[in-house]
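**Q** Before we start, here is the structure in question, set down as structure tokens.
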Amino acid sequence: MRLQDEAPGHAAVIDAPDAPAGFEAWMRAELQAVESALDAWVPADTPAGLGEAMRYGVLDGGKRLRPLLVLASCHAVRGTREAALRAAVSVELIHAYSLIHDDMPCMDNDVLRRGKPTVHVRFGQAQAMLAGDAMQALAFEVLTPASGVAPALQARLCALLARSAGHAGMAGGQAIDLASIGKPLDEHALRDMHRRKTGALLQASVLMGAACGTCDAPAWAALSDYGAALGLAFQVVDDILDVTQESHKLGKTAGKDVHDNKPTYVSVLGLEAARRQAADLRDRAQDALRRSALRDTATLAQLADMVVERDS
Ligand code: IPE
Ligand code: IPE
Ligand code: MG
Ligand code: MG
Ligand code: MG
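Final position of the sequence shown in this note's numbering is 417; the numbers increase by one with none missing.
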């Protein structure tokens, strides 16, 4: 097993494409780089099989949108590769941990995730809870190597990740989600919940990538707006796919929000208005990129399109 202090040897620099034709190739290469880094940094040899549950929860599955945002944003500011790859892995670890806990019987009680039985179904509830806990800690361990990333950058990345994952972000949003079952939230409250539970980590992915390079205040603010719009759009589309897509295509149980009486963009606004919201948010994300005045934002623009046009 590789120590989290060692960078995996595969981490070659892959230039993000500014032409659409190169986007698919860039994505394939980066997905491979992220998978290899996760494989190297998520341990197998831990006490009592905990590593097996962690690896099951995070390897071989998922769209890896958050790592792709980190890497594309780093490219836009010509940042450093080692820091960005660590940031990409750390944000995926937090995301995968949030999914493991989200699926547990005390939360959404789901049995299917990323096309496989959920972690608690496969390993039991206690192991699923601990795997999530350990992945959260591992995310910060990956961000703080003994060398290779400047201490000030390590601290900045940790702060961005912690704030987006904690009470003001993902965990807080998840608490609101569970407290809102069966309640008719208004649009403002719904937006606030979605921004926290999903948007915050996606926005942090963009900002962590930007922190790996040089970015003036107006460009930082524009990337922050891009991340906020894309992050909210992502959960609006998740709500839409829950009612329009099949479980086998999603790799998770479709129709779960209606079944569980969750307030969503579809239940509150209706399907057509939810689709319009997603399209408006995509436009806002693209406007923000133009405002950034950064040159290499084509990949970020394509990722925003992908978020809204996706079918799984
Ligand atoms: C699902 O996220 C949970 C939400 C935050 C809506 P993703 O749709 O990114 O899940 P994976 O990573 O591709 O499995
Ligand atoms: C989950 O939202 C957001 C997280 C922080 C994990 P959902 O409960 O809608 O995600 P899915 O639909 O189960 O992936
Ligand atoms: Mg949930
Ligand atoms: Mg869920
Ligand atoms: Mg959902």
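All residues carry an ideal CB built from backbone N, CA and C; glycine is no exception.
None of these values were measured; they are calculated from a predicted model.
Helix or strand or just coil, what does DSSP make of Met106?
**A** Since pLDDT at Met106 reaches only 41, below the 50 mark, its modelled position is unreliable, and the value read off the structure follows with that caveat. DSSP places Met106 in coil when its eight states are reduced to three.
**Q** Classify Thr402 as buried or exposed, calling it buried when 16 or more other Cβ atoms lie within 10 Å of its own Cβ.
**A** That one is buried.
**Q** Say yes only if the C-beta of Asp343 is nearer than 6 Å to one or more non-hydrogen atoms of ligand 5, and no if none qualify.
**A** yes
**Q** With Ala236 and Gly162 assumed to form a contact (beta carbons below 8 Å), what rounded beta-carbon distance in angstroms separates them?
**A** 6 Å
**Q** Would you call the CB atoms of Gly253 and Glu187 closer than 7 Å?
**A** yes
**Q** Taking the straight line between their C-alpha atoms, what separation do you get for Gly360 and Glu111?
**A** Rounded to whole angstroms, the gap between the alpha carbons of Gly360 and Glu111 is 43 Å.
**Q** How about Thr358: is its Cβ closer than 6 Å to a heavy atom in ligand 1?
**A** For Thr358, the CB stays at least 6 Å from every heavy atom of ligand 1.
**Q** With hydrogens ignored, establish whether the beta-carbon of Asp215 is closer than 6 Å to any heavy atom of ligand 5.
**A** Ligand 5 never approaches Asp215 closely enough for any of its heavy atoms to be under 6 Å from the residue's Cβ.
**Q** Within 10 angstroms of the Cβ of Ser417, are there 16 or more other Cβ atoms? Answer buried if so, exposed if not.
**A** Here Ser417 is exposed, its C-beta having fewer than 16 other C-beta atoms within 10 Å.
**Q** Tell me whether Leu265 sits in a helix, a strand or coil according to DSSP, three-state version.
**A** helix
**Q** For the region 387–399 and the region 326–338, state whether three or more C-beta atom pairs, one from each stretch, are separated by less than 8 Å.
**A** With the cut-off at 8 Å, the region 387–399 and the region 326–338 touch.
**Q** Which same chain residues, not among the five before or five after Leu295, have their C-beta less than 8 Å away from its C-beta?
**A** Cβ neighbours of Leu295 beyond the five flanking positions: Pro368, Thr369, Tyr370, Val373.
**Q** Under 6 Å from any heavy atom of ligand 1, does the C-beta of Leu170 make it?
**A** yes
**Q** Using 10 angstroms around the beta-carbon of Val363, count the other beta-carbons present and answer buried if the total reaches 16, otherwise exposed.
**A** exposed
**Q** In the DSSP output, which residue or residues are listed as bridge partners for Pro222?
**A** Leu217
**Q** May I ask which residues mark the beginning and end of the alpha helix (DSSP H) holding Ser397?
**A** 376–397
**Q** Using CA atoms only, rank isn't needed, just tell me which of Ala149, Ala201, Gly220 is closest to Glu351.
**A** Gly220
**Q** If we count Cβ pairs, one from each stretch, closer than 8 Å, do we get three or more for the region 286–295 versus the region 303–320?
**A** no
**Q** So Ala338 and Arg387 are in contact, right, with Cβ under 8 Å, and what is the actual spacing, rounded?
**A** The pair is a contact, with the Cβ atoms about 6 Å apart (cut-off 8 Å).
**Q** Mapping DSSP to helix, strand and coil, what is Met212?
**A** coil
**Q** Say whether the region 262–271 touches the region 210–227, bearing in mind that this needs 3 or more beta-carbon pairs closer than 8 Å, one atom from each stretch.
**A** Result no; under three Cβ-Cβ pairs closer than 8 Å.
**Q** If you drop the 5 nearest sequence neighbours on each side, which residues of the same chain put their C-beta closer than 6 Å to that of Ala270?
**A** Ile199
**Q** According to DSSP, is Gly253 part of a helix, a strand, or is it coil?
**A** Gly253 falls in the coil class under three-state DSSP.
**Q** Using DSSP with H/G/I as helix, E/B as strand and the rest coil, what is Thr404?
**A** helix
**Q** Does the beta carbon of Asp365 fall short of 6 Å from some heavy atom of ligand 5?
**A** No, Cβ of Asp365 sits at least 6 Å from all heavy atoms of ligand 5.
**Q** Only counting runs of 4 or more residues, tell me where the alpha helix (DSSP H) segments fall wholly within the region 257–314, in order along the chain.
**A** 275–284, 292–299
**Q** Apart from the five residues on each side of it in sequence, which residues of its chain come closer than 8 Å, Cβ to Cβ, to Ser397?
**A** Ala181, Pro323, Ala324, Ala327, Leu328, Tyr331
**Q** Among Ala280, Gly356, Val413, which one has its Cα closest to the Cα of Pro215?
**A** Sequence check: residue 215 is Asp here, not Pro. The candidate whose alpha carbon is nearest that of Asp215 is Gly356.
**Q** Is the CB-CB distance between Trp146 and Val224 below 7 Å?
**A** No. Outside cutoff.
**Q** Can you find a heavy atom of ligand 2 that lies under 6 Å from the Cβ of Met275?
**A** In terms of side-chain proximity, the C-beta atom of Met275 is found nearer than 6 Å to a non-hydrogen atom of ligand 2.
**Q** Looking only at C-alpha atoms, which of Cys320, Pro222, Asp385, Arg300 sits nearest to Leu399?
**A** When each option's Cα is compared against that of Leu399, the closest is Cys320.
**Q** Once DSSP output is grouped into helix, strand and coil, what is the label at Gln241?
**A** helix
**Q** Hey, would you say Leu307 sits closer than 7 Å to Gly278, going by beta carbons?
**A** no
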